[in-house]
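Going down the list, the sequences are from chains A and B. Position 239 of the first sequence, counted from 1, bears residue number 239 in the numbering used here, the numbering being contiguous throughout. Position 291 of the second sequence, counted from 1, bears residue number 291 in the numbering used here, the numbering being contiguous throughout. Contents: one structure, followed by commentary.
2 protein chains.
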Amino acid sequence: MGETASRLRVAVDCMGGDRAPREVVAGALAAARALDVDLLLVGVPDAVGPLIPAEARAGAPAGLAVEVVASGPAVPEGAPPLASLRAMPDASMAVTMRQVRHGRAEAAVSAGSTGPTLLAAVRELGLIEGVRRACVGRQILGIHPETFLIDLGPTMDCEPQHLVEFAVIGTTYMRVFCGIAEPTVALLSNGREPGKGNRVVKQAADLLARSGLRFIGLLEGHHFVAGQANVVVCDGFVGNVVLKTVEGLGREIAAWIERELQDALPPGRLAEVTGRLIEWTNPIDLHGSLPLLGVRGHVVMAHGASDRHAIAAAVGQAVQAVRGRFVETLRAALADTRARLTRPVQAG
Amino acid sequence: MGETASRLRVAVDCMGGDRAPREVVAGALAAARALDVDLLLVGVPDAVGPLIPAEARAGAPAGLAVEVVASGPAVPEGAPPLASLRAMPDASMAVTMRQVRHGRAEAAVSAGSTGPTLLAAVRELGLIEGVRRACVGRQILGIHPETFLIDLGPTMDCEPQHLVEFAVIGTTYMRVFCGIAEPTVALLSNGREPGKGNRVVKQAADLLARSGLRFIGLLEGHHFVAGQANVVVCDGFVGNVVLKTVEGLGREIAAWIERELQDALPPGRLAEVTGRLIEWTNPIDLHGSLPLLGVRGHVVMAHGASDRHAIAAAVGQAVQAVRGRFVETLRAALADTRARLTRPVQAG
């Protein structure tokens, strides 16, 4: 075993995603070579095996170890997550997460459909102590890559304590993935003055003020799009509405500029301008891999439309999570905040 | 009395707004002449009187009747609304609303600061039966003037029944102000499929399905910015965040285009493009007058920065509300929806 056993190993779901397995395998191999990590390629052996060049199997040229782990197909897009995972215990996303659970890999990557992939991760790996639900956050403004919006995900009805968790998770994310030592944290609200906000936001503001995080108060929508905090916190309903509004408005404006300026700009310049505008407002659609936040393991969900470059980027993000000790750091940060917010019931 | 007594009369708060009283009086007089209505100019007599040309006082040339109604100054921007109105019973916005309450005017217009103006309207006029709080809605996308977002206003924590009220109010608004006979209604949500949404949205969807309104289901943020319904309903917290996000993103993108294309477009063309972009995303800031929705009287709040043209537009909107019988139509629509949603407790 020796040196090979201590190399970092990533499990990749080769069956999930619109362009699986070919693009997934190609992207995973490229990333593994570039990042010097080993791979478990999870999938239907007859589909995955032929895509692996002989020299990769043999570990040449760079000592790269690639192993195929047999699974069934992915849960198809649109299928009910829980029922499907129960009916397909060997679904590719479930087997991929299981590699992390059993210590055979340090991280998992899947471009499978969101619902089943997220659920497979939670079922196989569980949640970090003190986290109530897995969540999803992201820099959704290409123009402000140091501003992270959380939650975009499944938690629709939040209590104040959920928003505090999101703040801790976002802070840890920006530390590990963006190298920002002390990220500023704000609550998205309808006004900046203390006392603004709905019931949950007001109570969360009181908690965040004594959380030990770098809480700078309430921000409005236009402050968020101007990138005025590193971590902007809201419930999953609001986050999803804001995300889709930003994406949609970017596309509407790009389409308008295309019509409006087609006589005034050379075609190449016009395409460059509209392309950058889309990139600024739709970074998830274009590059989107999302670390799944709050689960007990390093899991990255890649966009369903990922090509080999997007898969390679997702594997890169998984490796960054492991090397930055994301899960361990988050566990410690959550425990620290919990301790600050919990007063001892009795002193003696 | 005869013909003069049956002419429509609008009370205008001449002290509220950054450019009061001069621009307010000028705008009100221009609108009254153009629309053939009479005016009550409410304000400090020494400030307002000298601004009225002698021929307007005398009713010439078009039979226009203008009367000054004495009041104190406006509640200043930033002052606490309730305490200020109690301390200043003759504040200009309160006296303006009182003209409608006492039947001396059919509508009221004020460019005073939002909190005190809204509160003065509610205190003097009361709410329409079945309305729990006054609310504010608006076409916030210049690019889609037939899409109305409600609530943008003060109701932060909503119950499902509030969202149904907003839907009825928005439907009535689009009928009266935009001439759309059967406006489509949607709930803003995190997904389009039935069952998406937070608790309140899910319950509101069930109610709206049997409300008699033209309910088309759930819409996401990008469907809203694409103008896919006439009335898009959300709570005041979400509406405010969406409004500010759209406004901010429009300004961010316009600033970027200005930098990006300054070498590629003639200055005039560049200014026209960025100007239209701001106009599409910031229509309230630019033209903003807002009918106050749910109060028992026709009240239009003009933007604090209004010049004479904006004031004239606000008076025009007030006249449109009266002529379209907005309050009466809304009262009937609310009663109709209430009847549909209320089952009789006992049949015999």
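Ideal Cβ positions, reconstructed from N, Cα and C, are used throughout, including at glycine.
Of the listed residues the options, nearest to residue i (C-alpha basis)
i: A375 (chain A); options: A:R138, A:A310, A:R331, A:F166; result: This structure does not reach residue 375 (chain A), given that chain A is present from 1 up to 348, and the question cannot be answered.
i: L127 (chain B); options: B:G195, B:N230, B:V327, B:G191; result: B:V327
i: H303 (chain A); options: A:S211, A:N282, A:Q320, A:V322; result: A:N282
i: G288 (chain B); options: B:A94, B:V300, B:G16, B:A83; result: B:V300
i: E220 (chain B); options: A:G324, A:E247, A:L64; result: A:E247
i: I278 (chain B); options: B:E252, B:P160, B:A226; result: B:E252
i: R138 (chain A); options: A:D307, A:I169, A:D157; result: A:I169
i: G27 (chain B); options: B:A186, B:M15, B:A314; result: B:A314
i: L218 (chain B); options: B:Q228, B:A11, B:R210; result: B:Q228
i: A255 (chain A); options: B:V225, B:L243, B:V100; result: B:V225
i: Q203 (chain A); options: A:R325, A:H102, A:C158, A:R101; result: A:C158
i: A335 (chain A); options: A:V322, A:R308, A:Q320, A:G294; result: A:G294
i: L141 (chain A); options: A:A32, A:H223, A:P194; result: A:H223
i: L13 (chain A); options: A:R214, A:A70, A:A34; result: Residue identity differs from the one stated: residue 13 (chain A) is Asp in this sequence, not Leu. That would be A:A70, whose Cα lies nearest to the Cα of D13 (chain A).
i: L213 (chain A); options: A:T245, A:R175, A:V200, A:F237; result: A:R175
i: A332 (chain A); options: A:A318, A:V185, A:R296; result: A:R296
i: R9 (chain B); options: B:V37, B:N198, B:A318; result: B:V37
i: L39 (chain B); options: B:G316, B:R338, B:T342; result: B:G316
i: G103 (chain A); options: A:H298, A:R192, A:R338; result: A:H298
i: A209 (chain B); options: B:P160, B:N198, B:G191, B:A181; result: B:P160
i: V44 (chain A); options: A:L35, A:E67, A:R33; result: A:E67
i: F177 (chain A); options: A:P266, A:A318, A:E272, A:M156; result: A:A318
Bounding residues of the alpha helix (DSSP H) (the contiguous stretch that carries residue i)
i: S211 (chain A); result: Neither: S211 (chain A) is in no alpha helix (DSSP H) and is coded neither H nor E.
i: R9 (chain B); result: Note, R9 (chain B): premise wrong, no alpha helix (DSSP H); beta strand (DSSP E) at 9 to 13.
i: P266 (chain B); result: Note, P266 (chain B): premise wrong, no alpha helix (DSSP H); not H, not E.
i: P160 (chain A); result: 160 to 178
i: H309 (chain A); result: 308 to 323
i: T342 (chain B); result: Where T342 (chain B) is concerned, there is no enclosing alpha helix (DSSP H), given that its DSSP letter is neither H nor E.
i: T349 (chain B); result: This structure cannot settle anything about residue 349 (chain B), because the visible part of chain B is limited to 1 through 348.
i: L85 (chain B); result: 81 to 87
Assigned secondary structure, residue i (DSSP; H/G/I helix, E/B strand, else coil)
i: L261 (chain A); result: coil
i: D38 (chain B); result: strand
i: S110 (chain B); result: strand
i: G16 (chain A); result: coil
i: V75 (chain B); result: coil
i: A138 (chain A); result: Per the sequence presented here, residue 138 (chain A) reads as Arg, with Ala not at that position. R138 (chain A): strand per DSSP, three-state reduction.
i: R104 (chain A); result: coil
i: I253 (chain A); result: helix
i: G197 (chain B); result: coil
i: I284 (chain B); result: helix
i: R33 (chain B); result: helix
i: P50 (chain B); result: helix
i: I278 (chain A); result: helix
i: A305 (chain B); result: coil
i: D206 (chain B); result: helix
i: G248 (chain B); result: helix
i: A5 (chain B); result: For A5 (chain B), the predicted structure reports a pLDDT of 47, less than 50, and the residue's modelled location is therefore unreliable. A value from the coordinates is still provided. Three-state DSSP puts A5 (chain B) in a helix.
i: R331 (chain A); result: helix
Unbroken beta strand (DSSP E) run spanning residue i, endpoints
i: E67 (chain B); result: 66 to 70
i: S289 (chain B); result: 289 to 291
i: H354 (chain B); result: Lying before the first or after the last residue shown, residue 354 (chain B) is absent from chain B, which here runs from 1 to 348.
i: L149 (chain A); result: 148 to 150
Which residues DSSP lists as bridging residue i, in chain order
i: T184 (chain A); result: A:R214
i: G43 (chain B); result: B:A70
i: L127 (chain B); result: B:V295
i: R22 (chain A); result: According to DSSP, R22 (chain A) bridges with nothing at all.
i: L219 (chain B); result: B:L188
i: R232 (chain B); result: It should be noted that the sequence gives Val, not Arg, for residue 232 (chain B). Answer by DSSP bridge pairing, in chain order: B:L149, B:A186.
Proximity test, Cβ basis, 9 Å: residue i and chain E
i: E252 (chain A); result: Protein chains A and B are contained in the structure displayed, whereas chain E is not.
beta-carbon residue i near the ligand NAD non-hydrogen atom, thresh 8 Å
i: V44 (chain A); result: With respect to the ligand NAD, the structure shown offers nothing to examine, as it has no ligands at all.
Handout entry: Touching by the beta-carbon criterion (3+ pairs, under 8 Å), the region 39 to 58 of chain A and the region 135 to 152 of chain A
Key = no
Practice task
Examine the Cβ distances between the region 230 to 243 of chain A and the region 254 to 273 of chain B and report whether three or more of them are shorter than 8 Å.
Solution key: Verdict: no, contact absent.
Practice task
Answer yes if the region 64 to 81 of chain A comes into contact with the region 94 to 111 of chain A, meaning at least three C-beta pairs across the two stretches below 8 Å, and no otherwise.
Solution key: yes
Exercise for the section: Check whether the region 128 to 142 of chain A touches the region 156 to 168 of chain A, taking contact to mean three or more Cβ pairs, one atom from each stretch, closer than 8 Å. Expected result: yes
Practice task
State whether the region 35 to 54 of chain A contacts the region 83 to 91 of chain A, with contact taken as three or more CB pairs (one from each stretch) at a distance under 8 Å.
Solution key: With a cut-off of 8 Å, the region 83 to 91 of chain A and the region 35 to 54 of chain A do not count as touching, because too few Cβ pairs lie within range.
Problem - Three-pair Cβ contact test at 8 Å for the region 9 to 27 of chain A versus the region 101 to 114 of chain A - result: Yes, since at least three Cβ pairs between the region 9 to 27 of chain A and the region 101 to 114 of chain A fall closer than 8 Å, the two stretches touch.
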